[in-house]
Amino acid sequence: MKMVSDGLQPDCITYTCLIHAHCERGLLREARKIFNGMVSSGLPPSVVTYTVFIHAYCKRGNLYSAYGWFRKMLEKGVEPNEVTYNVLIHALCRMGRTHLAYHHFHEMLERGLAPNKYTYALLIDGNCKEGNWEDAIRLYFEMHQNAIPPDDCTQYALFKGFDEGHMHHAIEYLENVVLGE
């Protein structure tokens, strides 16, 4: 690294930015080398550093490696944050494993982390795609109860999930949105 040859010592943020750039380009082997250099220099990786790797592997559909990084993070005493959980929830819902995504949803709550609008949108979309209308609607109402206003993406995910066979759910949903019940 030119920084080091110039006498400057990179910090965790610098390393994480380099790792992220390599992961985004699909250069995971090089990203791991940078990670190893970071660790060998005595800098502990942050939750963001680990989440970058988890996201990179989830994006490629490699849950095995993603969970390897998740376990490594926990073993090192680094606590996951909302983004870490949302990355895992997103990957599981995208793969049609919404029922497994609930494990992380509940784990978030147990760790004192509050699900945000993205967490709910991911689970609502996953449930709609899998035909779990009741769960999708329950999550929508849970958002309201927790004073988390659904954004356009959440409402679109819920509404597009309704088809001819579930029009009564769409009507109930619209009544609640329009009438505020």
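Quick note on numbering: UniProt numbering labels position 2 of the sequence shown as 2, and the sequence is numbered without any gaps. We put the beta carbon where it would ideally sit given N, CA and C, even for glycine. Being a predicted model, the structure only gives us computed values, none of them experimental.
(request) To the nearest angstrom, report how far apart Tyr15 and His90 are at their CA atoms. (result) The residue labelled residue 15 in the question sits at position 15 within the sequence shown. The residue labelled residue 90 in the question sits at position 90 within the sequence shown. Taking the straight line from one Cα to the other gives about 25 Å.
(message) Give me, in chain order, the residues of the same chain whose beta-carbon lies closer than 7 Å to that of Cys153; leave out the 5 immediate sequence neighbours on both sides.
(response) To locate residue 153, count along the sequence shown from 1; it is residue 153. Only Ala121 meet the Cβ criterion.
(request) Rounded to whole angstroms, what's the CA-CA distance from Glu164 to Thr84? Just pull it up for me. (result) Here residue 164 is taken as the residue at index 164 of the sequence shown, counted from 1. Here residue 84 is taken as the residue at index 84 of the sequence shown, counted from 1. Because Glu164 sits at a pLDDT of 49, beneath the cut-off of 50, its placement in the model cannot be relied upon, and the point is left open.
(request) In angstroms with no decimal places, state the Cα-to-Cα distance between Glu79 and Val87. (result) Position 79 of the sequence shown, counted from the first residue, corresponds to residue 79. Position 87 of the sequence shown, counted from the first residue, corresponds to residue 87. Going from the Cα of Glu79 to the Cα of Val87 covers about 14 Å.
(message) With a threshold of 8 Å on Cβ separation, who are the neighbours of Asn81 within its own chain once the five nearest residues in sequence on each side are excluded?
(response) On the sequence shown, residue 81 is found 81 positions in, with the first residue counted as 1. Correct list, in chain order: Val47, Thr51, Leu113.
(request) With DSSP as the reference, label Ser46 as helix, strand or coil. (result) Within the sequence shown, residue 46 is the residue found at index 46, counting from 1. Here Ser46 sits in coil by DSSP.
(message) Quick check on this structure: which residue in Asn146, Gly77, Met73, Ala101 has the alpha carbon closest to the alpha carbon of Glu130?
(response) What you label residue 130 is simply residue 130 of the sequence shown in a count that begins at 1. The shortest C-alpha separation from Glu130 is found at Ala101.
(request) List the endpoints of the continuous alpha helix (DSSP H) containing Val78. (result) Here residue 78 refers to the residue found at position 78 of the sequence shown. Taken as a continuous stretch (DSSP letters only), Val78 belongs to no alpha helix (DSSP H), as it is neither H nor E.
(message) Using CA atoms only, rank isn't needed, just tell me which of Cys23, Gly37, Glu110, Tyr118 is closest to Ala66.
(response) The residue given as residue 66 occupies position 66 in the sequence shown. Ranking the options by Cα distance to Ala66, first place goes to Cys23.
(request) Quick one: residues in its chain with C-beta nearer than 6 Å to the C-beta of Leu43, no 5 flanking neighbours on either side, listed in chain order? (result) As a working note, residue 43 is residue 43 in the sequence shown. Cβ within range, chain order: Cys12.
(request) Consider the Cβ of Arg32: report whether some Cβ of chain B lies at a distance smaller than 7 Å. (result) Given the protein chain composition of this structure (a single chain), no chain B is represented.
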